[in-house]
Structures are given as structure tokens and as C-alpha cells.
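For reference, the structure discussed in these notes is given below.
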Amino acid sequence: AKAVGGGSVCLFEEAMLERIRFRQAIKHDLGLALERGELHLVYQPLLDLGSNRVSGFEALLRWDHEDRGTVSPAEFIPIAEEKGLIVPIGNWVLETACQEAAGWPEASSVAVNVSAVQFRSDSLPLMVAGALNRSGLLPHRLELEITESVLLHDSEHNMAILHALKKLGVRIVLDDFGTGFSSLSYLRLFPFDKLKLDRCFVSDIGRSVSSEAIIRATGEMGRALSMVTTAEGVETMEQLEWLRANGWAQVQGYLVGRPSKVPSTSIPDIGTATV
Ligand code: C2E
Ligand code: CA
Ligand code: CA
Ligand code: CA
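Position one of the sequence shown corresponds to residue 834 (the UniProt record's numbering), numbered consecutively onward.
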């Protein structure tokens, strides 16, 4: 029994060490990724359920590492935040998304994720204004996705930044709704333009009566507060139809389209729409 126990501790330590080595390598390489041009954006469509049209895309960051292949943002964004690199990387995302969206054939919107560190960096409203000016993208076509964790501390400062952004004419989205602890109090403090329900609720459709009750109530609340209601992580037709029947305005997920380099508005199995 002792040998087995020792063995598993050893395996555990091996895994820990591997993890630490991986993080250190990523940390080191991330600093060079921007200069080397290893970052690019992919775009995932958002489908309006009312018109059955793709009305916009979420920009998602990808890193093509020379020998690790594509590294997931879930893996490197926390490291970028620790190192303070998220500010230059986030600025690059903002700049690139605005430039690319400005060239899209019609006025579809582009959504950019903003990390907590970037949000609090003070320069965000200035950066956003600059990116809009340089690209010529109209402000209402830009959406900034913010999670509750972004808003956790120093709410007066946060509110000042949110209002400064709103004044620029961009749209503010409360992302990953339902996964944090304070969503409701933030809805009371700031008029978000859109609420994006986290995919953990969506995957429960047809499986959990309580999740369904929460989604229904969230949709009602969103509409009552004049927010666009969007559900993410929609993978099945059953989920899409359930959301449509319950008044949700927008869906995003693999069913409608995977993130891709060239924003695509054709939607398999649901019909085809054009931008
Ligand atoms: P998120 O903002 O919640 O983005 C949605 C994530 O769900 C994306 O993962 C997307 O590829 C994935 N997804 C979309 N549809 C489906 C579906 O139907 N099923 C499943 N299982 N997954 C789906 P991704 O691209 O790996 O990004 C992960 C997270 O990394 C994002 O979560 C976001 O928090 C962060 N992130 C990505 N790009 C950026 C960025 O430019 N800046 C910042 N600060 N964060 C970013
Ligand atoms: Ca997002
Ligand atoms: Ca999300
Ligand atoms: Ca998420």
C-alpha cells in the first residue's frame, strides 16, 4: 500500500512539475508572440433569432506557437494577466478586430473580450477611441464583453470606466452571465446593452428543470431591462428552438458556426443568411 501511495505522489509531483514547466515556457514565449506575429483572431457568428440572420461576430484570440501548435486562450490569458502582457495583447486584439471588422461587407458588429487587468488599466477608453478612429469603424458596431470578475472590486472606478466607454457609443455586454456571484447587483448599477448567458446553463436545456427555470427568468429580466439576450454554447437544434420559444434574441455556438479566420455568415442546417 505504501509503494502505491508513494507512486501516486510521485506521479502527482511529475504532473505538477510538468505543469510548472509548461507555464514557464508559455510565460517566456508569450512576450515574443506579439512581435513574432504569432497571434491572430478567429470570429464566431451570432445569430439573431428574430431575423434568422448573422448580425455579428465575437473575436476570439488564437496563438500559433512554433512548436506547441495552437495554444488555447483559456491557457495563456491568465498568464498574460499575471505578467501584465494582457494590456499590449488586449490592445492588439482591439486594434485588429476594429480594422478587420471595418472591412466587412456590411454593418455586422464585432465583439471583443476585455480582461480584468485591461479594464482597470485606465487607458481603455482612450485605446478604444483610438482603435475606432484609426479603423473608421462606427462605435455602435463594437461590443465590449466584460465578465463579472472584471467588476468585482472598486466599483466606483469601474462605473466611471463603463460610463466613459458608453459615452464613446460602443455597446457593453455582460459576458458569462450566471457564473459569478454579483451579476444582479451590477445590473442594478449599470445599463448593459446585452446579457450573455453562460453555456453551462444552455447545456442543461432538456435535462434540468431548474436550469430551464433560471434561463426563462433570466431572459425575462434581460428583456425587462432592455438588454439584448444572448445565449452562448448552443450546440443542438433542440437548444436553439427552446431558446427561440422562450423569447431569447440571439444565439452563439457550434450549431451556428465555429470560430473561423474568415467570418462566415452561412449557417448550416438552419438556413443561410448574408451579412
Ligand atoms: P468566452 O468569452 O466565454 O468565449 C466563448 C468560448 O466558448 C470560446 O472559447 C469559444 O470557442 C467557445 N465556444 C463557442 N461555441 C461553443 C459551443 O457551442 N460549445 C463549446 N463547448 N464551446 C463553444 P475560446 O475561443 O477557447 O476562448 C476561451 C475564453 O478565452 C473566452 O471565453 C474568453 O474568456 C477568453 N478569450 C478569448 N479571446 C480573448 C481575447 O481576445 N481577450 C481576452 N481578454 N480574453 C479572450
Ligand atoms: Ca466572450
Ligand atoms: Ca462567454
Ligand atoms: Ca465562458
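Glycine residues also receive a C-beta, built at the ideal position from the N, C-alpha and C atoms.
Every value quoted in this text rests on a predicted model; they were computed, and no experiment measured them.
With DSSP collapsed to three states, give me the class of residue i.
i, result
"Leu865", "helix"
"Ser948", "coil"
"Thr1098", "coil"
"Gln1085", "coil"
"Leu985", "coil"
"Ser1043", "helix"
"Gly902", "strand"
"Val875", "strand"
"Glu847", "helix"
"Leu927", "helix"
"Ser1016", "helix"
"Leu880", "strand"
"Gly1055", "helix"
"Ile1038", "coil"
"Val1067", "coil"
"Phe1023", "coil"
"Asn991", "helix"
"Arg1077", "helix"
Buried or exposed for residue i, going by 16 or more other Cβ atoms inside 10 Å?
i, result
"Leu863", "buried"
"Val947", "buried"
"Met1070", "exposed"
"Gln1083", "buried"
"Ser1093", "exposed"
"residue 1109", "Because the chain in this structure spans residues 834 to 1108, residue 1109 falls outside the shown range and cannot be described."
"Arg1004", "buried"
"Val1089", "buried"
"Asp987", "exposed"
"Lys1000", "exposed"
At what residues does the beta strand (DSSP E) containing residue i begin and finish?
i, result
"Trp896", "886-898"
"Phe1010", "1004-1010"
"Lys1029", "1027-1030"
"Glu978", "975-980"
"Thr1063", "1061-1064"
So residue i is in the alpha helix (DSSP H); what residue range does that whole segment cover?
i, result
"Gly963", "957-968"
For residue i and chain B, any beta-carbon pair shorter than 8 angstroms?
i, result
"Gln1085", "In the displayed structure, chain B is absent; only one protein chain is listed."
Per DSSP, which one or two residues make a beta bridge with residue i?
i, result
"residue 1111", "Since the first and last residues shown for the chain are 834 and 1108, residue 1111 lies out of range."
"Ser1093", "Tyr876"
Listed in chain order, which residues are found with a beta carbon closer than 6 angstroms to a heavy atom of ligand 2?
Residues with a Cβ closer than 6 angstroms to any heavy atom of ligand 2, in chain order: Glu891, Asn946, Glu978, Asp1008.
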